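Student: In our numbering, each residue's number is its place in the sequence shown (first place is 1) plus 65.
The structure follows.
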Amino acid sequence: MVSLDTIDIDSDQQAIAIWKDAASQIHQMVSGILGETRPGKKFINKQIWWWNEEVQMAVKEKKLALKEWHDSHTDRDYQQYKNLK
Numbered sequence: 066m067v068s069l070d071t072i073d074i075d076s077d078q079q080a081i082a083i084w085k086d087a088a089s090q091i092h093q094m095v096s097g098i099l100g101e102t103r104p105g106k107k108f109i110n111k112q113i114w115w116w117n118e119e120v121q122m123a124v125k126e127k128k129l130a131l132k133e134w135h136d137s138h139t140d141r142d143y144q145q146y147k148n149l150k
């Protein structure tokens, strides 16, 4: 477990410099633990590894239903998408 005690703060600096340095160190620690997504990529697609199979299938069915509704524009497909949502 990472602790905030590991942040190195130089109290001889001005407040704004201390703040920026502390924020930078916290960001680096958190990025190392949680990771980062690439710009332009949907976050939800990056985190599916921890979902169980039931959730993965439900999301996949919902995405397919949305695609079908966008392609057909029928009320039936829209209702099917809404039911899965």
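Here a beta-carbon is modelled for each residue, glycine too, at the ideal position from N, C-alpha and C.
Remember, it's a predicted structure, so these values are computed and weren't measured experimentally.
#1: Just to confirm, are Leu99 and Glu126 a CB contact at a threshold of 8 angstroms?
#2: Buried or exposed: which applies to Ala130, given that a residue is buried once 16 or more other Cβ atoms fall within 10 Å of its Cβ?
#3: Does DSSP put Glu101 in a helix, a strand or coil?
#4: Quick one: what does DSSP say Asp75 is sitting in, helix, strand or coil?
#5: Can you name the start and end residues of the alpha helix (DSSP H) that Asn148 belongs to?
Tutor: Taking the structure as given:
#1: No Cβ-Cβ contact shorter than 8 angstroms links Leu99 with Glu126.
#2: buried
#3: DSSP places Glu101 in the coil class of the three-state scheme, outside both helix and strand.
#4: coil
#5: Asp140 to Leu149
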